[in-house]
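Undergrad: Each residue of the sequence shown is one higher than the one before, counting from 1 in full-length UniProt numbering. Positions of the beta carbon are idealized from the N, C-alpha and C atoms, including for glycine. What you are looking at is a predicted structure, and each value in this text was computed from that prediction instead of being measured.
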Amino acid sequence: MIPLLILGLLIQNPGAHGYELLSLMEKRHYKYIVNFTKGSFYYNLQQLEEKGLIEQTYQTRPNNDREIHTFKITSLGMEEFDKLMAKYGTKSEYVNLQFYGTLLFADEFDKNKLLELIQSQIDQTKARIAHLDEYLANTKELPGKVDYFHRMNENSRSHHLVNLKWFKELKADIKETTV
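Shown next, in the form of structure tokens:
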């Protein structure tokens, strides 16, 4: 998935440098789409270049003699972008929270500690919702244009609201059975 994100960003931002692409991924909260680190990002950037999907260009910054390395997508990269769009665009995955693994053994775990874990999930989910609310309040869809990223964040918010309700109900059910 990281190669798709890099290729797509280079289509949107031809001549961007690696740090700029990574900053866009962080600013746009792509971590909600795919787990990535600075290291995994640069590794994928290097792999794309080695495969001839992107190529480095060199630019001198205005008012500075320093040369910077920028990237652009190649025609082979455009073909790969199309393949990755089809590959990921046709996938549908199960909703899978890592927290589910802890519930498999909830009966063998201290109930008070389990309630703390659930409260942690509630707090994290509320923080994600607040973060999405802030983003959505500060961006509006342009008339006559579909803003897919905006809609994706609206959908993500809806999922977090469902999870929040579920965590709260689970916590209440556990409290009820431990009394």
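Roughly how many angstroms lie between the CA atoms of Lys126 and Tyr42, to the nearest whole one?
TA: Translated into positions along the sequence shown, residue 126 becomes position 126. Translated into positions along the sequence shown, residue 42 becomes position 42. Looking at the two C-alpha atoms, the distance is approximately 31 Å.
Undergrad: Please name the residue, chosen from Lys91, Met152, Leu48, Tyr32, that lies closest to Phe81 on a Cα-to-Cα basis.
TA: The sequence position of residue 81 within the sequence shown is 81, counting from 1. Closest by alpha carbon: Leu48.
Undergrad: Considering Cα atoms alone, identify which of His150, Glu141, Ser23, Gln124 is closest to Leu161.
TA: Numbered from 1 along the sequence shown, position 161 holds the residue referred to as residue 161. Out of His150, Glu141, Ser23, Gln124, Gln124 has the C-alpha closest to the C-alpha of Leu161.
Undergrad: DSSP beta-bridge partners for residue 191?
TA: The question about residue 191 has no answer, for the chain in this structure spans 1 to 179.
Undergrad: Check the C-beta distance from Ser158 over to Tyr32 and give it rounded, since I have them as a contact under 8 Å.
TA: Residue 158 sits at position 158 when you count from the first residue of the sequence shown. Residue 32 sits at position 32 when you count from the first residue of the sequence shown. Going by Cβ atoms, the distance from Ser158 to Tyr32 rounds to 13 Å, so no, they are not a contact pair.
Undergrad: Could you compute how far the alpha carbon of Arg151 sits from the alpha carbon of Thr70?
TA: Within the sequence shown, residue 151 is the residue found at index 151, counting from 1. Within the sequence shown, residue 70 is the residue found at index 70, counting from 1. For Arg151 and Thr70, the distance between alpha carbons rounds to 30 Å.
Undergrad: Kindly indicate the opening and closing residues of the alpha helix (DSSP H) around Val162.
TA: In the sequence shown, the residue the question calls residue 162 occupies position 162. It spans 148–178 - the alpha helix (DSSP H) in which Val162 sits, taken as one unbroken run.
Undergrad: Name the two residues that bound the continuous alpha helix (DSSP H) containing Leu9.
TA: Sequence index remark: in the sequence shown, residue 9 carries index 9 (1-based). Residues 2–12.
Undergrad: What does a CB cutoff of less than 7 Å around Ala106 pick up in its chain, not counting 5 residues either side in sequence?
TA: Here residue 106 corresponds to residue number 106 of the sequence shown, with the count starting at 1. Once the five neighbours on either side are set aside, the close Cβ partners of Ala106 are Leu114.
Undergrad: Please determine, among Lys72, Lys87, Glu50, the residue with the shortest C-alpha to C-alpha distance to Tyr58.
TA: For the purposes of this step, residue 58 is taken as residue 58 along the sequence shown, with counting starting at 1. Answer by Cα proximity: Lys72.
Undergrad: Whose C-alpha, out of Leu117, Lys91, Met85, is nearest the C-alpha of Tyr100?
TA: As a first step, residue 100 is located in the sequence shown; it is residue number 100 there, counting from the start. Of the listed residues, the one whose Cα sits closest to Tyr100 is Leu117.
Undergrad: Please return the same chain residues whose Cβ sits closer than 6 Å to the Cβ of Leu22, not counting the five positions on each side in sequence.
TA: For this step, residue 22 is matched to residue 22 along the sequence shown. Cβ neighbours of Leu22 beyond the five flanking positions: Phe41.
Undergrad: Pick from Pro3, Met1, Arg28, Asn13: whose alpha carbon is nearest that of Leu136?
TA: Within the sequence shown, the letter at position 136 stands for residue 136. When only C-alpha atoms are compared, the closest one is Arg28.
Undergrad: Under a Cβ-count criterion, where at least 16 other Cβ atoms within 10 Å of its own Cβ denotes burial, should Gln121 be classed as buried or exposed?
TA: The residue labelled residue 121 in the question sits at position 121 within the sequence shown. Buried.
Undergrad: So, for Ile2: in the same chain, excluding its five sequence neighbours on each side, which residues have a beta-carbon less than 8 Å away from its beta-carbon?
TA: Numbered from 1 along the sequence shown, position 2 holds the residue referred to as residue 2. Same-chain partners within the cutoff: Val34, Phe36, Ser40, Phe41, Asn44.
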